[in-house]
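Chemist: Below is a structure I'd like to ask you about.
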Amino acid sequence: MRTTPEENTLMGEWIAGKLNQMTGPVRFLIPEGGVSSLDAPGQAFHDPEADKALFDSLYNSFQQTSQRKLLRVPAHINDQDFAEALVNALNEINPIEKGLRNAFIERKFLNEKFHDMKKRGIPLVGGGAGTGLSAKCEEEGGIDLIVIYNSGRYRMAGRGSLSGLMAYGNANEIVLEMAQEVLPVVNHTPVLAGVNGTDPFCIFDNYLDQIKTLGFSGVQNFPTVGLIDGNFRSNLEETGMSYGLEIDLIRLAHQKNFLQPPMSLMKRIPRQWLKQVLISLYAILALSTGGSIGAETALKLEQCPSLVDQWAEGSTQVNQDIIILVHGGPVSMPDDAQFVLDNTQACHGFYGASSMERLPTEKALKEQTRAFKKLKFK
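Numbering-wise (the numbering used here), the sequence shown opens with residue 6 and increments by one.
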């Protein structure tokens with residue numbers, strides 16, 4: 006059913022009246038080539054005379070201001086030219102600063118990049134970021150990947166990293182909050198999200214789609230029950246909060262084309278993970294030492310290389326392409342990481358959280374404060 010020119014004139018006046026009440030910014034585009042979505046090439050459904058009456062009525066009644074503009078586009082509403090005009094108008098009133106919005110990066114591209122680094126003997130370095138400033142500085146320093154998870158927020162708030170395993174906040178919601186702070190200031194580095202795979206209130210299919218839309222390129226299982234043992238761990242496994250749920254999370258992330266370098270403790274590597282096309286695994290030695298909130302109980306640095314090689318041997322028997330990153334414990338400074346790399350057969354890089362942002366921050370702030378305290382006046 007088509008409208009008449011008279012009806013379209015009245016309709017145009019009514020639409021313009023509504024638009025004139027808007028304070029803007031507003032861009033109203035007129036597709037002068039026709040407005041019927043039912044049109045097909047060579048088979049126009051619209052009435053050119055009625056359309057002209059609508060367009061003229063809109064143009065004559067529309068009150069243009071610096072914020073409110075009417076644009077006449079010489080194209081049909083279904084044409085590519087009109088679609089491009091719409092996009093340009095949207096960008097004009099809602100500009101996106103180029104280079105500041107991190108975007109999802111395909112796993113295939115990251116796999117190729119990181120395996121090429123491994124082949125060329127270039128260590129892969131990843132880091133945690135609890136603040137936007139940490140992420141920004143890490144990227145400027147040349148980091149290969151960034152991970153954000155709830156412990157990062159606690160860590161940079163002066164609390165121990167194990168706060169992330171306690172009931173101090175919803176880990177998956179915290180990551181969404183941190184995304185607003187971190188992702189806009191990361192230009193090109195892949196950012197991974199730490200996801201609590203045992204959260205019984207999370208619909209993971211939807212959640213992973215959400216973080217992918219935000220711009221996360223990967224998923225890591227953190228907080229993880231893998232850090233827990235003894236009776237408490239047994240009780241978790243028996244009451245539906247098991248490590249198996251984290252395996253399911255990593256599997257789902259793989260299906261959604263995420264990079265998924267899972268965290269796993271020594272001698273606790275699920276074969277289900279290793280059989281998948283995973284780019285890397287983190288060899289967690291222990292909680293990072295050093296600084297004002299670091300752990301005091303840890304392995305000796307000299308013990309680490311042999312343990313990493315033992316761990317890597319079991320992994321590479323299942324998946325020879327895996328990339329091994331060492332993390333935590335006494336490996337907290339660049340020299341520590343270099344010692345491990347120099348004395349292992351199958352370690353390809355380092356992932357640091359406290360060592361990447363907390364320890365450098367503590368050191369710099371203390372030294373700067375002490376330097377200012379040495380000031381003198383006459």
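Backbone N, C-alpha and C define an ideal beta-carbon position, used for all residues, glycine too.
It should be emphasised that the depicted structure is a prediction, and the values quoted were computed from it without experimental measurement.
Taking a contact to mean a Cβ-Cβ separation below 8 angstroms, would you say PRO36 touches ALA80 in this structure?
Modeler: yes
Chemist: The beta strand (DSSP E) with ALA198 in it runs from where to where?
Modeler: 196-200
Chemist: Using only CA atoms, which one of LEU75, GLY135, LEU150 and ASN348 lies nearest to ARG112?
Modeler: LEU150
Chemist: Could you work out which residue in GLU18, GLY38 and ASP56 is closest to PRO10 when comparing CA atoms only?
Modeler: ASP56
Chemist: Suppose you measure from the CA of TRP316 to the CA of LEU306; what does that come to, to the nearest Å?
Modeler: 16 angstroms
Chemist: For PHE237, does the three-state DSSP call read helix, strand or coil?
Modeler: helix
Chemist: Are SER222 and ILE110 close, meaning C-beta to C-beta below 8 angstroms?
Modeler: yes
Chemist: Which residues share a DSSP beta bridge with LEU150?
Modeler: GLY131
Chemist: From ILE328 to THR321, what does the alpha carbon distance come to, in whole angstroms?
Modeler: The alpha-carbon atoms of ILE328 and THR321 are separated by roughly 9 angstroms.
Chemist: Within the same chain, show all residues whose beta-carbon is closer than 6 angstroms to that of LYS217, passing over the 5 residues directly before and after it, in chain order.
Modeler: Around LYS217, the same chain offers PHE109 as residues with beta carbons nearer than 6 angstroms, after the five sequence neighbours per side are excluded.
Chemist: Relative to the alpha-carbon of ARG363, which residue among ILE127, ALA176 and ARG158 has its alpha-carbon at the smallest distance?
Modeler: ARG158
Chemist: Within a Cβ cutoff of 7 angstroms, which residues of the same chain sit near MET122, ignoring the five residues on either side of it in sequence?
Modeler: LEU129
Chemist: With three or more C-beta pairs closer than 8 angstroms as the rule, is the region 124-143 touching the region 351-371?
Modeler: yes
Chemist: Between which two residues does the beta strand (DSSP E) harbouring TYR356 extend?
Modeler: 354-357
Chemist: By the 10 Å Cβ neighbour count, where 16 or more other Cβ atoms means buried, how is GLY295 classified, buried or exposed?
Modeler: Note that GLY295 scores 47 on pLDDT, short of 50, meaning its location in the model is unreliable and no value can be drawn from it.
Chemist: Mapping DSSP to helix, strand and coil, what is PHE33?
Modeler: strand
Chemist: Can you find the residues in the same chain that come closer than 6 angstroms, C-beta to C-beta, to VAL31, ignoring five residues on each side of it along the sequence?
Modeler: ARG73
Chemist: Nearest-angstrom Cα distance between LEU34 and LEU219?
Modeler: Looking at the two C-alpha atoms, the distance is approximately 29 angstroms.
Chemist: Could you tell me whether the Cβ atoms of VAL200 and VAL224 are closer together than 8 angstroms?
Modeler: yes
Chemist: Measure how close the beta-carbons of PHE67 and ASN25 come, nearest whole angstrom, since I'm counting them as under 8 angstroms.
Modeler: With 8 angstroms as the limit, PHE67 and ASN25 qualify as a contact, their Cβ atoms being about 7 angstroms apart.
Chemist: Check this for me: beta carbons of SER62 and GLU18, under 8 angstroms apart or not?
Modeler: Yes.
Chemist: Where ASN96 and GLU89 are concerned, what is the direct C-alpha to C-alpha distance, given to the nearest angstrom?
Modeler: Between ASN96 and GLU89, the C-alpha separation is close to 11 angstroms.
Chemist: Taking its Cβ as the centre, do 16 or more other Cβ atoms sit within 10 Å of TYR173, making it buried, or is it exposed?
Modeler: exposed
Chemist: Which one of GLU54, MET246 and LEU197 has the shortest CA to CA distance from ASN262?
Modeler: LEU197
Chemist: Taking DSSP as the reference, what is the three-state secondary structure of ILE82?
Modeler: coil
Chemist: Enumerate in chain order the residues of its own chain whose CB-to-CB distance from GLN69 is below 8 angstroms, with the five nearest sequence positions on each side excluded.
Modeler: So the list reads LEU75, once near-sequence residues are dropped.
Chemist: Look up LYS113 in the DSSP assignment and say whether it is helix, strand or coil.
Modeler: Here LYS113 sits in helix by DSSP.
Chemist: Would you kindly check if the distance between the Cβ of ILE153 and the Cβ of VAL187 is under 8 angstroms?
Modeler: yes
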